[in-house]
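J.: Residue numbers (the working numbering): 60 to 399. Every residue, glycine too, gets a C-beta built ideally from N, C-alpha and C. All values reported here derive from a predicted model rather than from experimental measurement. Structure incoming, see below.
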Amino acid sequence: MKQILVTGGLGFIGSHTVVALQEKGYEVVIIDNLSNSSIEVLDGIEHITGVRPIFEELDLRDKEKVEAFFSTYASVEGVIHFAASKAVGESVQNPLLYYENNLAALVYILKELAKKGSANFIFSSSCTVYGQPDTLPITESAPVKKAESPYGNTKQVGEEIIKDTCNIAAGLKAIALRYFNPIGAHDSAEIGELPLGVPQNLVPFITQTAAGLRKELSVFGDDYPTEDGTCVRDYIHVVDLAKAHVIALERLLEDKNEGNYEIFNLGTGTGSSVLEVIQSFEKVSGEKLNYKIAPRRAGDVIAVYADTTKANNVLGWKSELTLDDAMASAWKWEKKVRGL
Ligand code: UD1
């Protein structure tokens with residue numbers, strides 16, 4: 060059984076990917092420092108798959124511990140690296156936390172992988188690297204725009220660090236996956252998104268409002284040059300996203316990659332406005348959402364959605380679940396968490 064390391068494996072996308080890996084017969088080792096996740100996620104994973112992943116509580120900023128991990132787990136054949144901080148506003152307030160968490164840790168892992176004769180590495184990147192694109196939908200060859208926040212910068216620089224390392228480390232192969240907007244939860248409601256404090260992202264804010272934790276949702280701006288005036292994003296179901304990670308990893312394990320560093324967009328290819336997301340939620344939940352139109356949020360781009368041709372044709376992956384599926388699963392999860 061091939062052993063795969065998933066860093067940040069107790070987080071939102073990480074936990075769903077652990078399930079997808081186990082379902083394909085991989086043995087998973089999780090590293091997580093529990094900074095934005097809970098140990099109970101291990102139970103959720105085990106309830107779904109019947110297998111409890113190996114768990115190492117470890118902070119990847121600790122270089123010695125990273126070295127020790129890779130000497131203990133010398134048979135790890137692939138690494139999927141999710142562990143990172145992802146709040147744009149926080150990154151402006153505390154840039155060094157972001158550079159240390161998202162880049163120092165990445166360097167320590169790559170140093171260990173470069174020492175191995177062969178290594179396969181999947182990196183969590185983001186459509187944030189495109190900024191406000193000049194044309195839509197966005198292909199992988201669209202220019203990377205100057206980052207608007209330290210968070211965005213860590214994704215851009217992270218990609219560069221991996222590319223440069225792949226150039227010199229014989230046997231190191233990597234794929235960067237640029238996610239659009241991951242939402243939803245596992246249909247079992249055993250795992251899902253669990254933001255600490257007030258959610259910054261749209262979908263957890265919607266479900267928490269409907270569950271009574273928040274008074275009302277603020278829709279940030281309805282005067283954008285879009286069909287209904289609200290911003291447009293490409294919302295991708297986290298279960299589809301998780302499957303893409305397994306496919307990308309297998310591409311490397313089976314030596315099907317073209318070049319030792321590749322990039323893929325992961326989205327649905329369809330843009331949805333904030334109001335369309337709210338309508339979808341109301342339809343599938345049967346709940347009326349309390350929301351108001353509020354001023355624009357600083358830093359928001361007007362519209363982003365993926366051209367998924369490369370992921371479809373080269374990776375052989377396509378999103379299957381719909382926005383309604385995602386909203387229904389997110390609501391099922393929220394109700395379970397709140398005991399509703
Ligand atoms: C945000 C980050 C992005 C990051 C991603 C990680 C910004 C500008 N972008 O994406 O870099 O990779 O999170 O999860 O912060 N909205 C509301 N009301 C709310 C919350 C959101 O109207 O209470 C709207 C936003 O204006 C936006 C859409 O919903 O139009 C999606 O917002 P969000 O879920 O925060 O994702 P992004 O901003 O696209």
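Quick check: the segment 224–235 against the segment 254–262, are there 3 or more CB pairs under 8 angstroms?
T.: At 8 angstroms Cβ cutoff, the stretches do not touch.
J.: I want to check one thing, is the minimum distance from the CB of G111 to the heavy atoms of the ligand UD1 below 7 angstroms?
T.: By 1-based counting over the sequence shown, the position of residue 111 is 52. In the sequence as presented, Gly is not what sits at residue 111; that position holds Arg. Incorrect: R111 has no Cβ contact closer than 7 angstroms to the ligand UD1.
J.: Could you pull out every residue in the same chain whose Cβ sits closer than 7 angstroms to the Cβ of N240, ignoring the five residues on either side in sequence?
T.: As a working mapping, residue 240 is identified with position 181 in the sequence shown. Cβ neighbours of N240 beyond the five flanking positions: R292, D293, Y294 and I295.
J.: Name, in chain order, the residues that DSSP records as bridge partners for F323.
T.: Within the sequence shown, numbered from 1, the residue matching residue 323 stands at position 264. Paired residue(s): L236.
J.: Just how far apart, CA to CA, sit V329 and G70?
T.: Position 270 of the sequence shown holds residue 329. Position 11 of the sequence shown holds residue 70. The sequence given here has Thr at residue 329, not Val. If I take the Cα positions, the gap works out to 25 angstroms.
J.: Give the DSSP bridge partners of I98, in chain order.
T.: Numbered from 1 along the sequence shown, position 39 holds the residue referred to as residue 98. None, per the DSSP bridge assignment.
J.: When the Cα atoms are used, what is the spatial distance from L261 to E275?
T.: One-based indexing of the sequence shown puts residue 261 at position 202. One-based indexing of the sequence shown puts residue 275 at position 216. Looking at the two C-alpha atoms, the distance is approximately 12 angstroms.
J.: In the DSSP assignment, find the unbroken beta strand (DSSP E) run with I139 in it and report its ends.
T.: Position 80 of the sequence shown, counted from the first residue, corresponds to residue 139. That run of the beta strand (DSSP E) goes V135 to H140.
J.: Mind checking R310: buried by the 16 CB within 10 Å criterion, or exposed?
T.: On the sequence shown, residue 310 is found 251 positions in, with the first residue counted as 1. Flag for R310 reads buried.
J.: By Cβ distance below 8 angstroms, which residues in the same chain neighbour A201 in space, the five residues on each side in sequence not counted?
T.: Reading the sequence shown from its first residue, position 142 is the one you call residue 201. Excluding residues within five positions, the ones whose Cβ falls inside 8 angstroms are Y189, P192, D193 and T194.
J.: Which of the three DSSP states, helix, strand or coil, is assigned to T131?
T.: Along the sequence shown, read from residue 1 onward, the residue named residue 131 stands at position 72. Helix, per DSSP.
J.: Given the structure, does D359 come close to the ligand UD1, in the sense that its CB is under 7 angstroms from one of the ligand's heavy atoms?
T.: Indexing the sequence shown from 1 puts residue 359 at position 300. Yes - the ligand UD1 has a heavy atom lying nearer than 7 angstroms to the Cβ of D359.
J.: Per DSSP, which one or two residues make a beta bridge with A178?
T.: Here residue 178 corresponds to residue number 119 of the sequence shown, with the count starting at 1. BP columns for A178 point to L231.
J.: List the DSSP bridge partners of E86.
T.: The count along the sequence shown starts at 1 and reaches residue 86 at position 27. The partner list for E86 (beta bridge, DSSP) reads Q62.
J.: I believe I401 touches I337 by the beta-carbon criterion, under 8 angstroms. Please report the beta-carbon distance rounded to the nearest angstrom.
T.: Not covered by the structure: residue 401. The range shown for the chain is 60 to 399.
J.: Taking its Cβ as the centre, do 16 or more other Cβ atoms sit within 10 Å of V98, making it buried, or is it exposed?
T.: Your numbering for residue 98 matches position 39 in the sequence shown. Here the sequence assigns Ile to residue 98, which means Val is not the residue at that position. Flag for I98 reads exposed.
J.: Consult DSSP for P241 and reduce its assignment to one of helix, strand or coil.
T.: Within the sequence shown, numbered from 1, the residue matching residue 241 stands at position 182. Strand.
J.: Return the first residue and the last residue of the alpha helix (DSSP H) that V305 is part of.
T.: Residue numbering aside, residue 305 sits at position 246 when the sequence shown is read from its first letter. Per DSSP, V305 belongs to the alpha helix (DSSP H) from V297 to L312.
J.: Please name the residue in C186, P284 and T381 whose C-alpha comes closest to that of A244.
T.: Here residue 244 is taken as the residue at index 185 of the sequence shown, counted from 1. Residue T381 is the option with its Cα nearest to A244.
J.: Relative to the C-alpha of K351, which residue among G318, V333 and V363 is closest?
T.: As a position in the sequence shown, residue 351 is number 292, starting the count at 1. Among G318, V333 and V363, the Cα nearest to that of K351 is on V333.
J.: Out of L64, T213 and C290, state which residue places its alpha-carbon closest to the alpha-carbon of V278.
T.: Taking the sequence shown and counting its residues from 1, one reaches residue 278 at position 219. Among L64, T213 and C290, the Cα nearest to that of V278 belongs to C290.
J.: Would you tell me roughly how many angstroms separate the C-alpha atoms of E126 and E249, rounded to the nearest one?
T.: Counting from 1 along the sequence shown, the entry for residue 126 is found at position 67. Counting from 1 along the sequence shown, the entry for residue 249 is found at position 190. Their backbone Cα atoms lie some 33 angstroms apart in a straight line.
J.: What does a CB cutoff of less than 7 angstroms around Y283 pick up in its chain, not counting 5 residues either side in sequence?
T.: For the purposes of this step, residue 283 is taken as residue 224 along the sequence shown, with counting starting at 1. Cβ within range, chain order: T289, C290 and I361.
J.: Could you have a look at S247 and say whether DSSP puts it in helix, strand or coil?
T.: Against the sequence shown, residue 247 aligns to sequence position 188. Note: S247 maps to coil in three-state DSSP.
J.: What would DSSP say about I113, mapped onto helix, strand or coil?
T.: Locating residue 113 in the sequence shown gives position 54, where the first residue counts as 1. Residue state, collapsed to three classes: strand.
J.: Assign M386 to one of two classes, buried (16 or more other C-beta atoms within 10 Å of its C-beta) or exposed (fewer than that).
T.: For the purposes of this step, residue 386 is taken as residue 327 along the sequence shown, with counting starting at 1. Result: buried.
J.: Can you tell me the Cα-Cα spacing of L399 and D223, whole angstroms?
T.: In the sequence shown, residue 399 corresponds to position 340, counting from 1. In the sequence shown, residue 223 corresponds to position 164, counting from 1. Taking the straight line from one Cα to the other gives about 49 angstroms.
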